[in-house]
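Q: Chains as they are written, first to last, in this note's numbering: chain R, 1 to 355; chain G, 1 to 445; chain U, 1 to 452; chain D, 1 to 364. Ideal Cβ positions, reconstructed from N, Cα and C, are used throughout, including at glycine.
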Amino acid sequence: MKWYIAKRLVWSVFAALIILTIGFVLMDVVPDQGLQQVEFQAQTEGQSGDQAVQAYEERRGLDEPLIDRYTSFVTGFVQGDWGWSYEYQQPVTEVITDTLPYSMMYGVPSIIISTIIGMAIGLYSAVNQYTKTDYAATFFSFFGVSIPNWWFGIILLVIFGSFLGWVDLDFSHRVAETADGDLTWLGTADSSHPAFIGENFEGERQIGILSPTNLKQLILPTFVSMTAGIAAMMRYARAEALEYVDAEFVKTAKSKGVSNWRIVVRHILRPAAVPLSTILVGRFLGLFLTGSYLIEVVFGIPGLGLASYEAIINQDQNLVLVTLLVPTFLVLVSNLAQDIAYVVLDPRISYGDRT
Amino acid sequence: MSRESSDQSAADPADSSTAAADGGVADARFEDVDWDRIDSVNRGRSLKSRIWLTIVSIWATAFGGTLFVRYVMGDSILSERLGPLQDALDPTVVEAIPLLSLNDGWVSFPVVGVVELHNWLWWITLAGFVYYGALPLYENPRMTRYYWRRFRKNKAAVISGLFLVVIFLIGFVGSRVTSQPEPEAGLDGIPPVGISTESYNVGPAGQKVADCAGGVCTGTWEYPFGTTTSGEDIFLGVIHGMEISMMVGLTATAASLVIAAGIALVSVYYGGWIDEIAFRWVDIQLTFPAFFLYLLLVYSIGGSMFILILIFGFIEWGGGARLMRSEALQRREEPYITASKAAGANPLWTMRKHLLPNISNTIITYASLSIPSIILAEAALSFLGLGDPTMVSWGQLIADGRDNLANLWWISTIPGIFLFLTVLSFNFLGDALRDAIDPRHEGAE
Amino acid sequence: MSSSTSLFEVRNLEKHYPINRGLFNTEVGRVRAVDGISFSVERGETIGIVGESGCGKSTAATSMIRLEEPTAGEIDFRGEDITEYDEKELRRFRREVQMIFQDPDSSFNPRMNIGNAVAEPLIVQGFDDEQRRRAIVGDLLERVGLSADDMNRFPHEFSGGQKQRIALARALAVNPSLLVADEPVSALDVSIQSEVLRLIDRFQDELGLAVVVISHDLGVVQEICDRVAVMYLGEFVEVGPTEELFTDPQHPYTRALLSAIPTPDPTERGLGVELTGDVPEPSDPPSGCRFHTRCPEVIPPEGIDLAQDTWRSVLHLRKQVIADQVDLESIAEVGAIEAGDEFGSMDEVEAEDIDNDRLIGWVRQEYELPNQLGDTSAEQTLSQALEELVSGQQEAAAETLTERFETVCERQDPETRSLSPDHRVACHLTDDSVVGSTDSENEYRRQLSSPE
Amino acid sequence: MSVHTDTLLDVEDLHVYFRTDTGENVRAVDGVSFQVQPGKTTAIVGESGSGKTVTSEAITQLFPSPPGYIPEGSVTLDGQDLTEISDDEMRSVRGGKISHIFQNPQGALNPVYTVGWQIREAVMLHQDVSKTEANERAVELMTQVGIPEASTRLDDYPHEFSGGQKQRVIIAMALACEPDLLIADEPTTALDVTIQAQILNLLKELQEERDMAMLFITHDLGVVAEVADRVVVMYAGKVMERGPVMDVFQTPAHPYTRALLECLPGEGGLGGIPGQLPEPTDPPDGCRFADRCPHAVEMCTEGGQPDLYDVRNTEAHTASCVHFAPTMDPGVVLDGSERVATDGRGRTSTDAGQPSDDEEAEHR
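1. Whose Cβ in chain R lies nearer than 8 Å to the Cβ of Asn427 (chain G)?
2. How big is the Cα-Cα spacing for Leu199 (chain U) and Asn109 (chain U)?
3. What do you get for Val220 (chain U), buried or exposed, if any count of 16 or more other CB atoms within 10 angstroms of its CB means buried?
4. Have a look at Glu121 (chain D) and Ser65 (chain D) and give me their C-alpha separation to the nearest angstrom.
5. Please go through the same chain and pick out, in chain order, the residues whose beta-carbon is closer than 8 Å to the beta-carbon of Ser340 (chain G), but skip the five residues on each side of it.
6. Say whether chain R places a C-beta atom closer than 8 Å to the C-beta of Ser92 (chain D).
7. Would the segment 113 to 131 of chain D count as touching the segment 140 to 157 of chain D if we require 3 or more Cβ pairs under 8 Å?
8. Val137 (chain U) by DSSP, collapsed to three states: which one?
9. Report all residues from its chain with a CB closer than 6 Å to the CB of Asp63 (chain R); omit the five preceding and five following residues, and keep chain order.
10. If you run the structure through DSSP and keep just helix, strand and coil, what is Gly31 (chain D)?
11. On the three-state DSSP scale, how would you describe Val130 (chain G)?
12. Is it right to say Phe312 (chain G) is buried, meaning 16 or more other beta carbons lie within 10 angstroms of its own, or is it exposed?
13. Does the Cβ of Trp151 (chain R) have 16 or more other Cβ atoms within 10 Å, making it buried, or fewer, making it exposed?
14. Can the beta-carbon of Gly122 (chain R) be found closer than 8 Å to that of Met27 (chain R)?
15. Counting along the chain, where does the beta strand (DSSP E) carrying Thr41 (chain D) start and finish?
16. Under the three-state reduction of DSSP, which class applies to Gln90 (chain R): helix, strand or coil?
17. Below 8 Å, can you find three or more Cβ-Cβ pairs linking the segment 143 to 162 of chain G to the segment 365 to 376 of chain G?
18. Check the Cβ of Ala225 (chain D) against every Cβ in chain U and list those closer than 9 Å, keeping chain order.
19. Is the number of C-beta pairs between the segment 76 to 88 of chain D and the segment 271 to 290 of chain D that are closer than 8 Å three or more?
20. Scan the segment 49 to 93 of chain R and note each continuous beta strand (DSSP E) run of 3 residues or more that stays entirely inside, going in chain order.
21. For Leu191 (chain D), collect the residues of the same chain with a Cβ closer than 7 Å to its Cβ; drop the 5 residues on either side in sequence, then sort them by chain order.
22. Using a Cβ cut-off of 7 Å, pull out every chain D residue sitting near Glu248 (chain R), in sequence order please.
23. Using 8 Å for Cβ pairs, my map puts Thr218 (chain G) next to Ile195 (chain G). What's the rounded Cβ distance?
24. On the DSSP bridge assignment, give the partners of Cys456 (chain G) in chain order.
25. Does the beta-carbon distance from Gly194 (chain D) to Glu84 (chain U) come in below 8 Å?
26. Report the neighbours of Val334 (chain U) on chain D: residues whose CB is nearer than 7 Å to its CB, in chain order.
27. Closest Cβ-Cβ distance between Met173 (chain D) and chain R: below 8 Å?
28. Taking 8 Å as the CB-CB cut-off, is Glu120 (chain U) touching chain G?
29. Apart from the five residues just before and just after Ser425 (chain G), which ones in its own chain have a Cβ nearer than 6 Å to its Cβ?
30. Mind listing, in chain order, the continuous alpha helix (DSSP H) runs of no fewer than 4 residues lying wholly within the segment 70 to 143 of chain U?
31. For Ile263 (chain G), which residues in chain R fall below 9 Å Cβ to Cβ?
32. Give the interface partners of Ser340 (chain G) over in chain U, defined as CB-CB distance under 9 Å, in chain order.
33. Determine whether the Cβ of Arg424 (chain U) lies closer than 8 Å to any Cβ atom of chain G.
34. When you compare only the Cα positions, how much space is there between Arg364 (chain D) and Ala169 (chain U)?
35. Could you have a look at Val239 (chain D) and say whether DSSP puts it in helix, strand or coil?
36. Work out the CA separation of Arg174 (chain R) and Gln36 (chain R) for me, nearest whole Å.
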């Protein structure tokens, strides 16, 4: 077991390094628009382009050879110094801690709800295969998988924002924060709070993550990212459970007099839980990481996805690399965790044999 | 058991039983084969495969030539670094080849003229589809009927298939007989036919086209789907978008299938370090957040259609290769593979005739998942403004309407519906195909 | 059995699979699937290899024709050592040897029609005259009782028995001189089994084909084989002419196999010698005679006179004690349950709390030992060892038992002896120098002849 | 027709159909009747596709439903018709009064639970006992089926047991609630002969100890001869022959039974039965076996399956063959050629009805 974990750990670090390297090289290959701009500007102002470029490179630490920059980034990264974000004008670590909560505000509930609902529908439709409910569930799952999240988001905004006026078209991130800009669960603020600029009212209104205003603006993003999540979870749960519905041991259980409900929960779900957990942590996590870019762009949520997108567009090297590494690490660690869980959950697999 | 096969036994029960029972004794030896002669002679190929090989070679030469002219001789990042070499490559070298000419930095071929890089890929994909998909179905009517019988049970899939055929034909023919929609000042904001909007949304020229009265404008048949904020015809945009979506989805999937199947088969057949390296790499590739990588690559290399297809093709194959590998690993242990080896078959034969056909389920499953996801990814990139700016795609149209959701809601909605329906149809179709060719059901009829 | 005339001769064939563990996948052991088997097949002869599942018979089949590379050994075909063959020679050799497999359903590529499947050996050997190939395939299909028109049909359109016939046609397409049939009928219904066997038998006669039949079913082997080899844990324990082997089996394992077959005669009930336990792991085969852990006729050391089943129980106990696998807690719990209310709930029972004599009684019960062995000297040793065991001195108990109860069967690998030119057996019972007095041999004969 | 006194299980005219996608019915079991006596073993024997497994599963309705259903027939256990009871009642019968063991011990145990958990589950479903008591019962059962060190092995997972041991565990599980009837569906087919002998001996022992009835499903006539008191021979969803084991083996009456016996290795007849099973969705008129029968006459292909006629006037031994009808001469089958299939000309002799002389002379 310990050899297995050791092997996997070494491999994870190696994989992360490779990915980091690829990201680093790619970022370096891209013609730097900031640099071109500086050069252009200098020339139009009649100054030496080369000098301006040199100054720009020095400022951003680009004058050193690639390999030196690479090693210093890696060592810095390991030591917890993730560099400076030129786009946000603050350390990368702060950008991450500032943006991550917003991604989690809709991401976490969406993962939890879609897992529960998706799993329940999937199991139900596996046990009642080829019934009307099963067909309906299947149709729904196709609907959920096929609909482009970002377009769906737009359509919902059109309907609930433009036509019905139930939600605001713009996401206000200040609502979740205190007047000083710190996140808070629940609190109150008067009309001087930055979220209420332009509004005049007496007394105080609720602010914070759990405030009704914030929750209301989170409903649509959560729902949109849920549709795909439920659909995917349902398909997997159904497929996995179907593997076992006709299994011999299920027939054995039935012949012992086990009730249908118990068969589903104890005899089908339990063995299916092992591969399902793999899917859950692996592909599912990926789904949200990928989905978050567009959802955050569409709804204007200042989360990690949006930060990552902006970083790429503005060639904010350090931030790009870190936002690349965060999901990568998540995936690697969860892969490792799920492989170990596999071994623990499924007695058939002996870790001694795995390489 | 000759009498077992019902249709034949009725015909001549006595005959076949004698052949098996007594006839054999009299005529004990099988035909003698002169193996020495056979060993000394090379094998021929069938006419069909010769024609196909010719097509592929012509294609490869022409495509290679275009690539060369474009990226080595032409004005590109690469050529900057190949400075001295480029000087040696005078354009007249190309012109010296009969029938070829240079046209604005592109090779111009006889008959077809200039073919853009992404179209080269599109053509070979369609040709491959005919050769590996349609032709075998035509040659094997029994098998075709059998699959069709099972496939048509799924009504939703049949409708989806029809929808996709229609989309493909309209897109393919439509984008050749019509020109791309161009922005036109003043024509902006016309609503679709039958839909009304406040007239201030509609540009001055558009007000003449649409039915405007009393401060409200209603769309007319001249622009059935209305126009965008820059006055582009959405109807034309949707038609051109059809081909783009089909092209990206099918071509990139075809590319990734070829890579995935090749790597999976070789890894499974030979195993060892080839397998180890290939699939360790797949591990890494799959760990990379895919959409992030698209963004990064498209942003750094540029979003021309050709590059987009290549990026999707070269990034998407990992998951497919993994699926195919696990399927092929199971197949590898099947006795018919052993039988083929025991008969003296070489690796290429075993891979082509046994492994490949038997992982076709996984290939189709994978393709049916990959095509819609690539279509969605292309649309998403276009939506973010990172697609090919020279071509009108659905994602681009959706993005155009995004800032005017309240008033010009149809700009985002209409292309989005087509995108959604196309993706949905591919998913339905893929699911039904998977069911139809699932060998677990085979022989059930 | 001179090698010059044999069509196919295998000498000391071994196939081991390494077991790799640890960070660098170092080899920590080997699965000895086939561990030194020798036999020869003459032209037109059928030889059978029988054994339980996991005895290595299928591995033997694939490695004897180099579908898997054997670890060691020589394989002569027509006097040439095929282990020395290069690619080209090997391909040529494949024309001479063909194989058919157990499962008719997976023997055929579901996406290749029957005509192409049967023609495959011809095609891959470079036979590209399509007209003639079709003629040959049609002829073959008719010979196995199908029609030439079946060429365009796909495997799933045929029944299991038909598929096995087609498999035979495929194997015969290149006109081989040796056919290796791995469980050719075990996946078929009885009524179809005999048809396929009949067909093999017929072709063998007609074509002078040599056949190696691998099967777990003694009935099948008896039906068509001239000679039979009985395999146990990678080794041949007995090889002999079918008739002789079935009427006068020499190895206890052969006898056990034969007696375990249910006879379709309700007046003759009762399955004879029952083998206890399962086949041991081939990665860690028992010492000495590999069969001794399950053998119903283990030779007791000199001076011990016990009934065979008691003697076996003693051996079993000894083995468990040496491996420190006697779980006193468990025995105490089982004993307590059987003793009933006296001990409250099972979970409260601790081995230490129980009176030694009582615990010894339970241990005897668990290992099916009588309270008093028939042989006084043996009883003395046993009770001493049990005393040591329950008082926690497992090592001492192991030593006591080893000293007294070690048998030649576990100490020494039995040599393979020839009883007649064709009949070979590897068992200490057939070795007079081991068994010594004819008394004990007669004793075993007597035990065997009287049904339980 | 048959003895109804002292009957534990009475299956009467049982039909089990499976609806296909195209709306046709696969008639897996098509009118089957037999009885099981308390403490005795009835064996159902037949080839694959004969419907024997579905018959056994229909007793406690274990077959997948839908698509399977029972259009008619009754299954009476102790005077209670099992086809009519509620789901809850059926659950208490399953594992309580009737237990099953299946062919493949590999798949029959849930791989992610310990064997102790699985035996305990069987105990606790039907008996109101504490977990500790159930555990004790599990140890007891495992010891009885011959698993050494039972209380330790309780915590092992199925993959840690060999095939034979797994089958023992499954037997222990089936016996957990002292069932009146044990249905064993090919319990030894997946095992080696040596292990098969162990399991058969164990089952016989346990049956004697508990005075339990057994319904034994198998394709192996050798096993039938070993364990059965009564035999039911099935073919294509119908009963071909029924009777005490001695009678059936000594005087096999139905041509199908005779052909099956001929096929056994070592019986000299390397014959086999020519032809194929009839189409299960659209069976032919008359006797299902007529198509492959060497003794078939014209009336064999008319009407339904023949009644079960008494063989040689013993009421317990019956065969569904027109040659045993009161007006017919059973000698055609019994004394005629027994080389049913060896000549490979089964079909041609269909019309003849009478065997030729030289064949008769050749045999015996």
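A: The structure says:
1. Phe142, Val145, Ser146, listed in chain order.
2. Distance between the alpha carbons of Leu199 (chain U) and Asn109 (chain U): 23 Å.
3. The residue is buried, with at least 16 neighbouring Cβ atoms inside 10 Å.
4. One alpha carbon belongs to Glu121 (chain D), the other to Ser65 (chain D), and they sit about 24 Å apart.
5. Within the same chain, Ser340 (chain G) has close Cβ partners Trp349, Thr350, Lys353, His354.
6. So yes, Ser92 (chain D) belongs to the interface.
7. The segment 140 to 157 of chain D and the segment 113 to 131 of chain D touch, with three or more beta-carbon pairs separated by less than 8 Å.
8. Val137 (chain U): helix per DSSP, three-state reduction.
9. The beta carbon of Asp63 (chain R) sits closer than 6 Å to those of Glu57, all from its chain and outside the five residues before and after it, given in chain order.
10. It is a strand residue.
11. DSSP places Val130 (chain G) in helix when its eight states are reduced to three.
12. The residue is buried, with at least 16 neighbouring Cβ atoms inside 10 Å.
13. Buried is the call here.
14. Cβ atoms of Gly122 (chain R) and Met27 (chain R): not closer than 8 Å.
15. From DSSP, the beta strand (DSSP E) with Thr41 (chain D) extends over 41 to 45.
16. Looking at Gln90 (chain R) - three-state DSSP - the assignment turns out to be strand.
17. The segment 143 to 162 of chain G makes no contact with the segment 365 to 376 of chain G; the number of CB pairs closer than 8 Å stays below 3.
18. Near Ala225 (chain D) (Cβ distances below 9 Å), the residues of chain U are Pro262, Thr263, Pro264, Asp265, Pro266, Thr267, Glu268, Arg269.
19. Under the Cβ criterion (8 Å, minimum of three pairs), the segment 76 to 88 of chain D does not count as touching the segment 271 to 290 of chain D.
20. Taking only runs of at least 3 residues, no beta strand (DSSP E) segment lies wholly in the segment 49 to 93 of chain R.
21. Result list for Leu191 (chain D): Gly163, Gly164, Gln167, Ile199, in chain order.
22. Within chain D, the C-beta atoms nearer than 7 Å to that of Glu248 (chain R) come from Phe102, Asn104, Gly107, Ala108, in chain order.
23. Indeed they touch by this definition, with Cβ atoms about 7 Å apart.
24. Residue 456 (chain G) cannot be examined here, being either before or after the span of chain G that is shown, 1 to 445.
25. The question names Gly, but residue 194 (chain D) in the sequence shown is Thr. Not in contact: Thr194 (chain D) and Glu84 (chain U) (Cβ atoms no closer than 8 Å).
26. Chain-ordered, the chain D residues with CB closer than 7 Å to the CB of Val334 (chain U) read Val139, Thr143, Ala150, Ser151.
27. Judged by the 8 Å Cβ criterion, Met173 (chain D) is in contact with chain R.
28. Closer than 8 Å to some Cβ of chain G, the Cβ of Glu120 (chain U) qualifies, so yes.
29. The residues are Ser160, Phe163, Leu164.
30. Taken in chain order, the complete alpha helix (DSSP H) segments of 4 residues or longer contained in the segment 70 to 143 of chain U are 87 to 96, 114 to 124, 130 to 143.
31. Simply none; closest approach about 18 Å.
32. Against chain U, a Cβ distance below 9 Å from Ser340 (chain G) picks out Asn109, Glu120, Pro121, Val124.
33. Residue contact with chain G for Arg424 (chain U): absent (no Cβ-Cβ distance below 8 Å to any residue of chain G).
34. Residue confidence is low: Arg364 (chain D) scores 33 on pLDDT, short of 50, so the model does not pin down where it sits. Its coordinate-derived value is still stated next. For Arg364 (chain D) and Ala169 (chain U), the gap between their C-alpha atoms comes out near 34 Å.
35. Val239 (chain D): strand per DSSP, three-state reduction.
36. Each residue's alpha carbon lies about 35 Å from the other.
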